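Beneath this line is the structure, given in structure tokens, with notes to follow.
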Amino acid sequence: MTDLTGHCMCGEVRWQAQAAPTWSGICHCEDCRRAVSGPMMPFIGFDRAILNMQGDMCINHSSAGVERGYCAKCYSPMFYRSQQWPEECFVMAATLDDPNVFQPQAHLFYSERLAWVELNDSVPRYAGATIETEEL
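Okay, here's the thing in structure tokens:
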């Protein structure tokens, strides 16, 4: 995946990345589920230096060291940034112009998934935020 582009629901916020992502996954933690009002949050991580986001956004400091960006017009969730990974920005995969190019590398915080979520894929599942945590 290179030269990826995406936008919010109304088109006010657009983004472009001209290099391959550093990471892709699906987060099942409660914070991410609530941030996107969904059962999980698919994301793509990019080096901040190659990610270009344009448009009017509002930033929510959702917890210590965490920023979540939303379109200021339609409130679509756009990105997640954390002091834990200061050089990266995680863009919501559903904002891709072609979401079918998304290929997750892992399910994260899979132990926190909702009880009614059953997935039939071969993507590895991990207990925490990285593949260095316990594989489930």
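Each residue of the sequence shown is one higher than the one before, starting from -17 at the first, in my numbering.
For glycine and all other residues, C-beta sits at the position ideal for the given N, C-alpha and C.
Just so it is clear, the structure is predicted and the values come from calculations on it, not from any experiment.
Contact set for residue i: own chain, Cβ-Cβ below 6 Å, skip 5 residues either direction
i	result
Leu33	Ala(-1), Cys71
Ser44	Arg50
Arg63	Glu49, Cys71
Glu116	Ala109
Residue i, DSSP secondary structure in three states
i	result
Asp29	strand
Ser44	strand
Cys14	helix
Asp100	Going by the sequence as given, residue 100 is Glu instead of Asp. Correct three-state label for Glu100: coil.
Glu94	helix
8 Å Cβ shell around residue i - same chain, five flanking residues per side excluded
i	result
Asn82	none
Val99	His10, Pro21, Met22
Val105	Ile8, Pro86, Gln87, Ala88, His89
Contact with chain B by residue i, beta-carbon distance below 8 Å
i	result
Met74	Of the chains in the structure shown, none is chain B; there is only one protein chain.
Beta-bridge partners of residue i, as assigned by DSSP
i	result
Val73	Ile26, Phe61
Glu49	Arg63
Ser6	Ile26
Met39	Cys53
Tyr78	The residue asked about is misnamed: residue 78 is Leu in this sequence, not Tyr. Beta-bridge pairing links Leu78 to Gly(-12).
Ala109	Bridge partners of Ala109: none, in fact.
Supposed contact pair residue j and residue i - C-beta distance, whole angstroms, cut 8 Å
i	j	result
Gly7	Pro59	Their Cβ separation, rounded to whole angstroms, is 16 Å, which puts Gly7 and Pro59 out of contact at 8 Å.
Ala75	Phe25	6 Å
Leu90	Gly110	7 Å
Pro47	Gln65	First, the amino acid is wrong: residue 47 is Gly here, not Pro. About 4 Å separates the two Cβ atoms, so the contact holds.
Thr77	Gly(-12)	4 Å
Glu(-6)	Cys56	7 Å
Contact set for residue i: own chain, Cβ-Cβ below 7 Å, skip 5 residues either direction
i	result
Thr4	Gly27, Phe28, Asp29, Glu70
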